[in-house]
Amino acid sequence: MASTERQRIDAFLDALWLEKNLGENTLTAYRQDLLQVAVALAEQALTLTTADEGALARILGQRLESGAALRSVARLLSSVRRFYGYAEREGWIPRDPSRNLRNPRLGRALPHVLSETEIEALLAVPDGTRPLGLRDAAMLELMYACGLRVSELVNLEMRQVDLSADLVVVFGKGRKERLVPMGELAAERTAQYLRNARPQILGERTSAAVFVTGRGAAMTRQRFWQNIEHYARCAGITRTVSPHSLRHAFATHLLNHGADLRSVQLMLGHANLSTTEIYTHVAQARLKALHQRHHPRG
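Every number in this note's numbering is 63 more than the matching position in the sequence shown, counting from 1.
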């Protein structure tokens, strides 16, 4: 791939960061998508700025035929559209070749949500008598109590935790700030970790991060993911569990217990209420299943 291609991708991502203040993970996803498209175009003896609608359509079609998930293809097309919109404004191309491309039809997939019993079993696994176990227990409790994204949890700094008010200041996508209540149990477990475990883990080292590793560095997304998978197996949970599973459970369980949709939206940090509405479908599906199973005329 020519260096000019990479330079244009970098210029686009820089502009996107300045205009939209997108997070590093989102920008990385855009970069990966565009690099993949550039490589596929090179196989057709084309570049990002010489591609036409037919070439882009062939790439999307090949992805679908290879068994790629519809959402993955839809995200790829979204990345392509944003790039070409910018390229047209900058005068790199005379016309946006992605303008008439259509998104693959997506069904509305409902997330698999852990039951309250499964959550209780998961939260009970970490060994709270050991510093690292107490750290993991606090992380799990806080993630479930606040509905945090994994990036929000591992990037949490000491200045963002207010134990006197049982609140967490969260910086979400686009660095948008929101206040989320911790709840009594999560606040208690977090306080225990900060008071008893974190100083032992750090030793003589210092860190701004709330959750630290034995090396004194901030916990990583990958390590926390591995920890959750381990604890889920120990709890006897057979389905796949990820950090996002706790966020799904947070939203669904709140709605199951009568929380209003707008409040859940604010705590999740969703820009649009429609994004939060998927959890009402989950709650409704579970209530319907319970009715069918237990009602004499279900």
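Beta carbons: idealized from backbone N, C-alpha and C, even for Gly. Since the structure is predicted, the reported quantities are computational estimates derived from the model, not experimental observations.
Contact set for residue i: own chain, Cβ-Cβ below 6 Å, skip 5 residues either direction
i	result
aspartate 199	Pro189, Asn290
leucine 219	Val273
arginine 310	Gly210
leucine 139	Asp96
valine 243	Cys209, Val231, Val233, Met330
glycine 332	Gly235, Arg241
aspartate 115	Pro160
alanine 312	Val176, Leu177, Ile182
Check whether residue i and residue j have beta carbons under 8 Å apart
i	j	result
phenylalanine 283	valine 217	Strictly speaking, residue 283 in this sequence is threonine, with phenylalanine absent from that position. For threonine 283 and valine 217, yes; Cβs fall inside 8 Å.
alanine 280	phenylalanine 274	no
tyrosine 149	isoleucine 156	no
alanine 208	alanine 249	yes
leucine 185	alanine 298	yes
arginine 103	isoleucine 122	The residue asked about is misnamed: residue 103 is alanine in this sequence, not arginine. Cβ atoms of alanine 103 and isoleucine 122: closer than 8 Å.
arginine 238	leucine 329	no
threonine 253	alanine 187	no
leucine 111	alanine 118	no
glutamate 215	valine 233	yes
tryptophan 288	proline 306	yes
tyrosine 256	leucine 203	no
isoleucine 264	glycine 277	yes
glutamate 181	isoleucine 300	yes
leucine 317	valine 327	yes
Beta-bridge pairing of residue i - partner residues as DSSP gives them
i	result
leucine 230	Asp225, Pro244
glutamate 220	Ala272
alanine 281	Val275
Enclosing alpha helix (DSSP H) for residue i [first to last residue]
i	result
glutamine 125	116 to 128
methionine 206	194 to 209
isoleucine 72	66 to 83
proline 306	306 to 319
asparagine 88	87 to 105
leucine 265	261 to 265
valine 143	133 to 153
serine 326	324 to 331
isoleucine 182	179 to 186
Residues near residue i by beta carbon distance below 7 Å, same chain, minus five either side
i	result
serine 142	Tyr93, Asp96, Leu97
aspartate 159	Tyr147, Gly148, Glu151
alanine 271	Glu220, Met221
aspartate 73	none
tryptophan 80	Leu90
leucine 85	Leu79, Gly237
phenylalanine 75	Phe146, Tyr149
alanine 322	none
alanine 120	Leu164
Contact set for residue i: own chain, Cβ-Cβ below 8 Å, skip 5 residues either direction
i	result
threonine 89	Lys236
arginine 71	Leu111, Thr112, Ala150, Trp155
lysine 83	Gly237
glutamine 223	Val231, Val232, Val233, Phe234, Val273
asparagine 163	Glu116
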